[in-house]
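What follows is a set of notes on a single structure, which appears directly below.
There are 4 protein chains.
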Amino acid sequence: MSESSLSPRRPRRSSPRAARTGDKRVRILDAAVRVFAKKGFHATRVSEVAKAAGVADGTIYLYFKSKDELLVSLFEDRVERLLAFLHSELPRVTGAAEKLRRIIELQLGLLEGERDLAEVVTVILRQSTKLMKEYAAPKFTAYLDAIARVVAEGQASGELRGDLSPHLAARAIFGALDGITMTWALGKADRGGLVRAAGQLAELVLRGLAPLDGAVATGRGA
Amino acid sequence: MSESSLSPRRPRRSSPRAARTGDKRVRILDAAVRVFAKKGFHATRVSEVAKAAGVADGTIYLYFKSKDELLVSLFEDRVERLLAFLHSELPRVTGAAEKLRRIIELQLGLLEGERDLAEVVTVILRQSTKLMKEYAAPKFTAYLDAIARVVAEGQASGELRGDLSPHLAARAIFGALDGITMTWALGKADRGGLVRAAGQLAELVLRGLAPLDGAVATGRGA
Amino acid sequence: MSESSLSPRRPRRSSPRAARTGDKRVRILDAAVRVFAKKGFHATRVSEVAKAAGVADGTIYLYFKSKDELLVSLFEDRVERLLAFLHSELPRVTGAAEKLRRIIELQLGLLEGERDLAEVVTVILRQSTKLMKEYAAPKFTAYLDAIARVVAEGQASGELRGDLSPHLAARAIFGALDGITMTWALGKADRGGLVRAAGQLAELVLRGLAPLDGAVATGRGA
Amino acid sequence: MSESSLSPRRPRRSSPRAARTGDKRVRILDAAVRVFAKKGFHATRVSEVAKAAGVADGTIYLYFKSKDELLVSLFEDRVERLLAFLHSELPRVTGAAEKLRRIIELQLGLLEGERDLAEVVTVILRQSTKLMKEYAAPKFTAYLDAIARVVAEGQASGELRGDLSPHLAARAIFGALDGITMTWALGKADRGGLVRAAGQLAELVLRGLAPLDGAVATGRGA
DNA sequence: AATGAATGAGTATTCATTCAT
DNA sequence: CATGAATGAATACTCATTCAT
């Protein structure tokens with residue numbers, strides 16, 4: 276997970292112009308995460324983001340259509356990258372239980388060390404009603420479905436207990452991840468806090484989803 | 276739970292005037308829940324709440340100091356009542372597992388049938404950065420602590436497994452409840468959906484927290 | 276023409292509230308004429324109109340949807356009243372030549388003493404491309420048609436020469452009125468200037484439109 | 276009038292570079308006429324003119340000091356050329372009546388086929404309050420004076436009736452020309468419309484200005 | 001208490017203009 | 001000369017809040 280920086284795809288600039296351009300967009304997004312996390316979406320003035328990014332107010336509108344669009348772009352640049360990373364990692368893992376553990380580890384691990392981003396994802400994104408209802412909802416649904424599918428596979432193979440709704444389980448897991456991240460981001464946000472939480476949450480969830488005959492598949496040996 | 280209306284303690288006024296007064300305050304809060312749920316906190320105009328409540332714009336300021344204060348009052352009137360209800364119910368229950376089950380049932384059961392309130396609690400409240408950081412955070416902390424205490428008691432008595440942090444467990448449970456409620460409120464919000472979810476979530480959580488020796492204490496018989 | 280004030284229909288206020296309301300709308304329109312005439316439409320700030328009217332900026336938006344709408348309302352309140360007055364006066368006059376003379380006298384007479392309004396009508400109204408193309412054009416067309424109809428009637432009765440297009444004559448007359456008004460308003464705007472101009476323009480136009488046999492019908496005796 | 280192109284004095288450049296330079300200035304002015312006529316002065320963005328001219332935004336500022344200055348230059352390049360042409364043509368004509376007829380024919384004839392320019396002259400130029408008050412007013416005055424001088428000469432020689440103010444007559448003639456051009460430009464702008472109008476307007480005006488004894492000097496034969 | 005007309009502070013966004021390349 | 005990315009001043013409009021009635 277060490278290589279899993281959330282901004283690994285910054286385009287390699289060759290021409291000076293591309294450098295400046297790419298630079299500005301990235302600087303604005305980085306500044307937006309910081310300022311939004313600190314003051315909230317609505318309380319943040321566009322001019323504050325501009326100042327934090329070291330650009331003029333108008334420059335922001337060369338890269339983003341509006342303040343709302345800036346939040347959407349933040350979502351796309353960060354959250355979708357996170358989701359894409361998850362999707363690329365999961366196939367490497369065998370077994371539903373192990374996949375769920377990996378989901379938990381990755382989601383919490385990726386946000387560890389990015390407190391501002393964690394706050395943006397768990398709190399700020401929800402402050403734009405428009406973003407929530409029009410844009411983000413389908414993404415969340417897709418993510419929930421992906422988790423539910425893993426659970427359903429585990430149930431089919433007998434690896435997980437079959438008496439729980441996969442979708443309920445998915446929403447519970449996602450909610451737990453979200454709640455843990457939010458309280459961490461809004462609270463002390465101690466180093467290693469999320470990684471430790473990941474291990475414990477995995478224990479809780481995998482035990483809770485284990486077959487009822489007593490054989491517990493925690494994904495770590497018997 | 277039939278008596279668990281979220282507004283059972285409205286003091287019965289005797290004089291007509293007092294009655295009208297209380298009436299207006301209640302009408303405004305009810306209208307606020309509806310309008311906030313529909314449009315979000317920031318996109319809602321005070322005049323819209325006034326219109327929905329059937330009062331003049333200025334009247335709202337006779338009962339609430341500001342728009343933010345209206346949201347705070349909503350929180351106090353609804354969420355705190357919910358929490359208080361939980362606290363009054365829990366002592367009637369014996370055993371940590373059974374208490375956790377009851378918490379899950381109550382929180383989800385109380386919001387079933389109050390979709391707008393569910394959306395306000397899970398989404399709208401977070402749209403006011405001020406409310407989140409200055410007011411609600413300590414309440415959430417208190418609630419998390421209450422849950423954590425139940426878990427810790429269960430661990431002490433051997434009723435629950437002792438290798439998980441009570442606070443982590445509490446945050447996971449709260450997050451799961453929150454996530455389930457949010458997706459329900461933002462989605463179909465089918466009748467009975469939350470009650471069914473409560474049973475399944477209890478199964479998942481209690482199994483996940485059961486002692487590791489295989490003896491599962493679901494709180495329902497052995 | 277002495278009674279022909281351009282604002283005679285200010286609604287008689289009975290209730291105090293209506294009084295304030297009517298007052299504000301009228302004050303804003305009066306202020307708008309003054310400020311628009313002085314600085315032009317685009318160079319005028321809404322706040323300047325508000326200040327000149329002695330109201331708050333926001334108050335303007337209680338009476339007018341936008342700055343453009345304010346100009347449209349000015350048009351309706353003033354120009355249309357002028358046109359309506361013309362239409363009510365013309366039937367009292369007999370003979371095409373005399374009607375044309377009356378049109379010229381009324382249009383110039385009504386603006387005499389209202390220099391700001393004259394400037395608004397001849398210059399400012401044309402500064403809003405939107406107003407010109409979407410709103411005012413049909414009004415001007417209707418006015419031109421009315422003049423052309425008078426000319427056509429005179430031609431049919433033999434009172435006016437028949438070899439000129441009524442529409443061309445109408446456009447020429449209107450243009451002359453407009454040009455005279457504009458140069459008067461932008462220039463010295465001397466007292467009586469427009470009234471004197473009216474007499475001379477009538478002489479010029481009526482002679483120009485007289486039958487070619489040498490009998491000149493100036494509308495004032497032989 | 277065939278040689279009366281409105282841009283006949285563009286100096287023929289010899290060196291390619293100078294050619295390109297002159298080219299750009301001309302292309303920008305041509306583009307400005309088109310775009311201004313279509314959208315109005317204020318609604319037109321400098322970048323739109325640049326795009327229509329096929330140059331970069333900044334290039335416009337190599338040839339014109341500002342957007343206002345661009346309009347002024349348009350005026351100078353087109354309107355003044357028109358006026359200069361008039362002045363060079365008039366001396367070739369003998370007699371006040373014939374000179375007035377020529378003025379009318381030239382002004383309308385030159386704009387026939389240049390609808391966009393006609394709209395710019397009659398509408399757009401007035402949208403810049405600054406241009407109107409600071410720059411164009413004296414030019415118009417000079418033009419009006421020139422016409423008035425022709426009328427006065429005709430009055431002195433007995434060719435025109437002496438009872439009308441030369442300045443009033445000039446303003447009426449100019450207004451009629453302006454009004455006819457404007458309605459033509461904003462309306463159908465039919466081919467030949469202005470040329471036909473010229474003939475009729477000349478008839479109207481010259482008859483209107485003819486000596487009162489019945490001898491009509493239309494400038495065409497007796 | 002209730003009203004709702006009036007207020008005016010507050011801000012996202014535009015676009016003429018500049019200047020480094 | 002030419003470019004067009006960057007600038008930042010400038011402003012119409014909104015809406016929470018007030019207060020005279």
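As they're listed, the protein sequences go chains A, B, C and D.
Every position in the first sequence, counted from 1, becomes a number in our numbering once 275 is added.
Every position in the second sequence, counted from 1, becomes a number in our numbering once 275 is added.
Every position in the third sequence, counted from 1, becomes a number in our numbering once 275 is added.
Every position in the fourth sequence, counted from 1, becomes a number in our numbering once 275 is added.
For each residue, glycine too, the CB sits at the ideal point set by N, CA and C.
> Does any CB atom of chain A fall closer than 8 Å to the CB of residue 458 of chain B?
Replying inline: yes
>> If I measure Cβ to Cβ from residue 308 of chain D and keep anything under 7 Å in the same chain, skipping five residues before and after, which residues do I get?
In response: 349, 391, 392 and 395
>> Is residue 420 of chain D close to chain C? Criterion is C-beta to C-beta, closer than 8 Å.
In response: no
> Does DSSP put residue 318 of chain A in a helix, in a strand, or in coil?
Replying inline: coil
> If you check the beta carbons only, do residue 319 of chain D and residue 325 of chain D fall under 8 Å apart?
Replying inline: no
>> According to DSSP, simplified to helix, strand and coil, what is residue 354 of chain C?
In response: helix
> What's the gap between the Cα of residue 484 of chain A and the Cα of residue 436 of chain A?
Replying inline: 6 Å
> Leaving out the 5 sequence neighbours to the left and right, which residues in its chain are closer than 7 Å to residue 332 of chain C when beta-carbon positions are compared?
Replying inline: 321, 322 and 325
> When the Cα atoms are used, what is the spatial distance from residue 422 of chain C to residue 311 of chain C?
Replying inline: 29 Å
> Looking at C-beta atoms only, is the number of pairs between the stretch 423-435 of chain A and the stretch 337-357 of chain B that lie closer than 8 Å three or more?
Replying inline: no
> Can you tell me whether residue 453 of chain A is buried or exposed, with buried defined as 16 or more other CB within 10 angstroms of its CB?
Replying inline: buried
> Any Cβ of chain D within less than 8 Å of the Cβ of residue 432 of chain C?
Replying inline: no
> Any beta-carbon of chain C closer than 8 Å to the one on residue 362 of chain D?
Replying inline: no
>> Residues of chain D with CB closer than 7 Å to the CB of residue 449 of chain C, please, in chain order.
In response: 454
>> For a test of the three-state rule: what should DSSP assign to residue 331 of chain A, helix, strand or coil?
In response: coil
> Is DSSP giving residue 298 of chain C helix, strand or coil here?
Replying inline: helix
>> As an exercise, report each continuous alpha helix (DSSP H) stretch of at least 4 residues that is fully enclosed by the stretch 350-430 of chain B, in chain order.
In response: 356-364, 371-386 and 390-397
> Is any beta-carbon of chain A found at less than 8 Å from that of residue 322 of chain B?
Replying inline: no
> Which residues, in chain order, does the stretch 460-485 of chain C contribute to contact with chain D at a C-beta distance below 9 Å?
Replying inline: 461, 462, 471, 472, 475, 476, 478, 479, 480, 481, 482, 483, 484 and 485
> Which chain D residues sit within Cβ distance under 9 Å of residue 440 of chain C?
Replying inline: 471, 472 and 475
> Would you report the Cα separation of residue 317 of chain A and residue 317 of chain B, rounded to the nearest angstrom?
Replying inline: 8 Å
> Of all the residues that make up the stretch 374-387 of chain C, which are near chain D by a beta-carbon distance shorter than 8 Å?
Replying inline: none
>> If I follow the unbroken alpha helix (DSSP H) through residue 433 of chain C, where does it start and stop?
In response: Neither: residue 433 of chain C is in no alpha helix (DSSP H) and is coded neither H nor E.
>> Assuming residue 383 of chain C and residue 455 of chain C are in contact, meaning their beta carbons sit under 8 Å apart, how far apart are those beta carbons, in whole angstroms?
In response: 7 Å
> In chain order, what residues of the same chain have a beta carbon less than 7 Å from the beta carbon of residue 488 of chain C, not counting five sequence neighbours either side?
Replying inline: none
> Taking all protein chains shown into account, do 16 or more other C-beta atoms lie within 10 angstroms of the C-beta of residue 442 of chain D, making it buried, or fewer, making it exposed?
Replying inline: buried
>> To the nearest angstrom, how far is the alpha carbon of residue 411 of chain B from that of residue 461 of chain B?
In response: 22 Å
> Which residues in the same chain have their Cβ closer than 6 Å to the Cβ of residue 357 of chain D, if we skip the five residues on either side of it in sequence?
Replying inline: 385
> Name the chain D residues whose beta carbon is nearer than 7 Å to that of residue 318 of chain C?
Replying inline: 404
> If the cut is a Cβ gap below 9 Å, which residues of chain C does residue 443 of chain D touch?
Replying inline: 455, 471, 472, 475, 476 and 479
>> Once DSSP output is grouped into helix, strand and coil, what is the label at residue 343 of chain B?
In response: helix
> Using the beta-carbon count (16 or more within 10 Å), is residue 367 of chain B buried or exposed?
Replying inline: exposed
> Relative to the alpha-carbon of residue 415 of chain D, which residue among D:328, D:301 and D:351 has its alpha-carbon at the smallest distance?
Replying inline: D:351
> Going along the chain, which residues of its own chain have a beta-carbon closer than 8 Å to the beta-carbon of residue 305 of chain B, five neighbours each way excluded?
Replying inline: 328
> For a contact meaning CB atoms closer than 8 Å, what does residue 401 of chain A contact in chain B?
Replying inline: 398, 401 and 402
>> Assuming residue 402 of chain A and residue 475 of chain B are in contact, meaning their beta carbons sit under 8 Å apart, how far apart are those beta carbons, in whole angstroms?
In response: With a Cβ gap of about 31 Å, residue 402 of chain A and residue 475 of chain B do not count as contacting.
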